[in-house]
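A.B. asks: Provided herewith is a single structure, encoded as structure tokens, for subsequent inquiry.
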Amino acid sequence: MNAKAILQMAERLAQKGDTGALKLLVRQASLPLLAEAMLGWTIGRKAQPFLEKVIPLEVLQELQARPALGNHVNVDLAEDTAISFPWSEERMEKALSRLAYEPWSYDRINHYAYRYLPLGVVFFYNGLHSGAVGVLKREGQLQAEEVDLGPLYEAGLRIEWRRKGLFNGEEVPHAVLGSLAKPIPEVNHALLLALGEVLHRHGICL
């Protein structure tokens with residue numbers, strides 16, 4: 014995946030204010046993380062279910078800013094880009110068998126999710142296995158809490174692809190704040206954070 018090509022396209026679309034195309038581009042850029050997250054159960058491990066948690070601690074401490082929690086909003090799994098993070102083979106099999114033949118329904122006690130602004134991407138962080146089935150079926154609606162990443166960008170956070178070492182040609186994502194730059198191992202999360210910065214800089218919220 015060429016992250017820079019995606020970000021360059023996002024810049025062009027944002028300059029034109031083409032929010033419809035940007036929404037589709039963000040969904041397209043989410044697909045690698047969606048695959049990584051949804052197949053975590055095959056290796057007994059889930060990907061990080063919180064977007065901001067992949068930012069290295071050293072950068073977060075220097076930022077002195079945190080994402081802003083907002084309202085609870087309605088999410089439609091048929092329309093919105095949503096990602097869940099199942100980790101147990103047994104639970105995944107049970108969820109698939111139970112929900113394959115009945116409509117997916119929101120359980121207020123079990124299903125918790127964040128809708129990250131300005132991206133408009135939804136992350137389940139509880140009810141991960143049944144949530145994954147809802148994502149697969151693209152069926153159902155739920156309440157999610159909005160999390161605005163804007164304060165991080167306003168405080169100076171940038172995501173840049175930089176060379177890993179002096180003699181290594183590979184470029185990896187870094188969280189950058191002034192002269193401080195720390196690598197982000199979670200490449201697919203980093204791409205979404207970088208897209209969020211583009212959207213925020215152009216005043217666009219999806």
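Here the numbering used here is used: the first residue of the sequence shown is 14, the next is one more, and so on.
The beta-carbon is built from N, C-alpha and C at its ideal position, and this holds for glycine as well.
(1) Can you name the start and end residues of the alpha helix (DSSP H) that lysine 195 belongs to?
(2) Identify every residue that forms a DSSP beta bridge with tyrosine 127.
(3) Could you compute how far the alpha carbon of lysine 195 sits from the alpha carbon of alanine 168?
(4) Rounding to the nearest angstrom, what Cα-Cα distance links isoleucine 172 and valine 189 in this structure?
(5) Alpha helix (DSSP H) containing alanine 18: first to last residue?
(6) Name the residue from Ala42, Asn15, Lys29 and Gln28 whose alpha carbon lies nearest to the alpha carbon of leucine 208.
(7) Can you give the Cα-Cα distance for alanine 27 and serine 110, rounded to whole angstroms?
(8) Under DSSP, the beta strand (DSSP E) around histidine 85 begins and ends at which residues?
(9) What did DSSP end up calling isoleucine 96 once you bin it into helix, strand or coil?
(10) Ordered along the chain, which non-local residues of its own chain (more than five positions away) have a Cβ less than 6 Å from that of histidine 213?
(11) For alanine 18, count neighbouring C-beta atoms within 10 Å of its own C-beta (all shown protein chains included) and say buried if the count is 16 or more, exposed if not.
(12) Does the contact criterion of 3 or more C-beta pairs under 8 Å hold for the segment 32 to 49 versus the segment 89 to 100?
(13) Nearest-angstrom Cα distance between leucine 9 and phenylalanine 136?
(14) Any idea what DSSP makes of arginine 175, helix, strand or coil?
(15) What residue does the alpha helix (DSSP H) around valine 200 start on, and which one ends it?
C.D. replies: Quick look at the numbers:
(1) Looking at the DSSP string, lysine 195 is not in any alpha helix (DSSP H); the run it does join, the beta strand (DSSP E), is 193 to 196.
(2) Tyrosine 127 pairs with Phe136 and Glu158.
(3) Using only the alpha carbons, I get a separation of about 16 Å.
(4) Using only the alpha carbons, I get a separation of about 6 Å.
(5) For alanine 18, the enclosing alpha helix (DSSP H) has its first and last residue at 16 to 29.
(6) Between leucine 208 and the set Ala42, Asn15, Lys29 and Gln28, the nearest pair of CA atoms involves Ala42.
(7) In a straight line, the C-alpha of alanine 27 is about 42 Å away from that of serine 110.
(8) The continuous beta strand (DSSP E) containing histidine 85 extends over residues 81 to 89.
(9) In this structure, isoleucine 96 counts as strand in the three-state DSSP scheme.
(10) Closer than 6 Å at Cβ, skipping near neighbours: Pro131, Gly163 and Tyr166.
(11) Burial call: exposed.
(12) In short, these stretches touch, since the Cβ pair count reaches three.
(13) Examination of residue 9 is not possible in this model, given that the chain is present from 14 through 219 alone.
(14) In the three-state reduction of the DSSP assignment, arginine 175 falls in the strand class.
(15) Segment 200 to 214, the alpha helix (DSSP H) holding valine 200.
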